[in-house]
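Heads up: the structure comes next, in structure tokens.
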Amino acid sequence: MGCGCYSHASTDKDILRVAVFGLENSGKTSLVQCLRTSNKISKTFKNISTHGVIAVNVHLNMQTNINLLIFDCGGCKHQRHIWPHLLNNADLILFTVDSIDLTYLNDAKQALFDLLTDESIIDKPLFVVFTKSDKRKNININQLEQALDLFMIKDRPIHKVLFSSITLDGFTAISTWFAYYSHCKLHGKQKEIIQ
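According to our numbering, the sequence shown is numbered sequentially starting from 11.
In structure tokens, the structure reads:
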């Protein structure tokens with residue numbers, strides 16, 4: 011656990027700060043690992059535990075160089091009290107939802123809406139990443155969106171994607187969003203919803 015900054019970045023504008031939230035076992039740390047390495051996770055880990063916050067420097071080398079500082083925030087109920095303290099410097103909010111464990115959708119919805127009440131992130135783009143999409147066939151993203159009441163979120167750009175750390179489905183979409191918002195931050199352009 012710790013904090014760091016990207017050593018090759020010359021200014022704060024060069025680094026896109028991404029705060030990753032979600033319930034315990036929703037795939038946050040696996041997603042961060044995939045972003046860090048740009049590789050699939052070869053096996054499923056049971057209950058990777060993050061106590062507190064882990065800050066990870068990530069350099070995505072797509073068509074442009076993207077420097078990310080990702081905060082992987084613990085999702086246990088007793089750790090969520092620290093979430094608001096991590097929002098002040100975040101450029102993007104990424105919220106993971108386990109797409110196969112439907113019993114926790116109400117808890118995920120409550121945690122998400124509690125998080126979104128913080129005034130410091132009122133205009134920050136939100137990425138909702140439905141994880142573990144390789145585990146179940148015929149996942150209906152529209153049903154997941156409705157169960158979380160995502161249509162109620164009107165104060166920010168919102169993006170949704172199915173993601174698998176085993177197959178990397180959804181990885182390109184997430185990387186593309188990071189590239190877009192990194193460009194917006196670097197060049198001071200207004201953030202717009204991209205399709």
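Beta carbons: idealized from backbone N, C-alpha and C, even for Gly.
| request: Using the Cα positions of S174 and F137, report the straight-line distance between them to the nearest angstrom. | output: Here the question's residue 174 lines up with position 164 in the sequence shown. Here the question's residue 137 lines up with position 127 in the sequence shown. So the alpha carbons of these two residues sit roughly 15 Å apart.
| query | Are the beta-carbon atoms of Q99 and R27 separated by less than 7 Å? | reply | Residue 99 sits at position 89 when you count from the first residue of the sequence shown. Residue 27 sits at position 17 when you count from the first residue of the sequence shown. Rather than Gln, the amino acid found at residue 99 in this sequence is Asn. Contact: yes.
| query | Looking only at C-alpha atoms, which of C44, V30, P167, N49 sits nearest to I80? | reply | On the sequence shown, residue 80 is found 70 positions in, with the first residue counted as 1. For the residues C44, V30, P167, N49, the minimum Cα distance to I80 belongs to V30.
| message | Please report the straight-line C-alpha distance between G32 and C194, rounded to a whole angstrom. | response | Working through the sequence shown from its first residue, we reach residue 32 at position 22. Working through the sequence shown from its first residue, we reach residue 194 at position 184. Rounded to whole angstroms, G32 to C194 spans 25 Å at the Cα level.
| query | So the alpha helix (DSSP H) C45 belongs to, where does it begin and stop? | reply | As a working mapping, residue 45 is identified with position 35 in the sequence shown. Before going further, note that residue 45 is Leu rather than Cys in the sequence given. Where L45 is concerned, the enclosing alpha helix (DSSP H) stretches over 38-47.
| request: Find out if the Cβ-Cβ distance for the pair T141, D82 is shorter than 7 Å. | output: Along the sequence shown, one-based indexing puts residue 141 at 131. Along the sequence shown, one-based indexing puts residue 82 at 72. Contact flag unset, no.
| So, T182 versus D144, is the Cβ gap smaller than 7 Å? | Stepping through the sequence shown from its first residue, residue 182 is reached at position 172. Stepping through the sequence shown from its first residue, residue 144 is reached at position 134. No. Outside cutoff.
| Between the CA atoms of P135 and L102 - distance to the nearest angstrom | Here residue 102 corresponds to residue number 92 of the sequence shown, with the count starting at 1. Here residue 135 corresponds to residue number 125 of the sequence shown, with the count starting at 1. The alpha-carbon of L102 is positioned some 5 Å away from that of P135.
| Hey, how far is the Cα of R46 from the Cα of R166? | Indexing the sequence shown from 1 puts residue 46 at position 36. Indexing the sequence shown from 1 puts residue 166 at position 156. Rounded to whole angstroms, R46 to R166 spans 26 Å at the Cα level.
| said: In the DSSP output, what is R206 paired with across the bridge? | reply: Summary: the structure shown does not reach residue 206, with the chain confined to residues 11 through 205, and so no result is reported for it.
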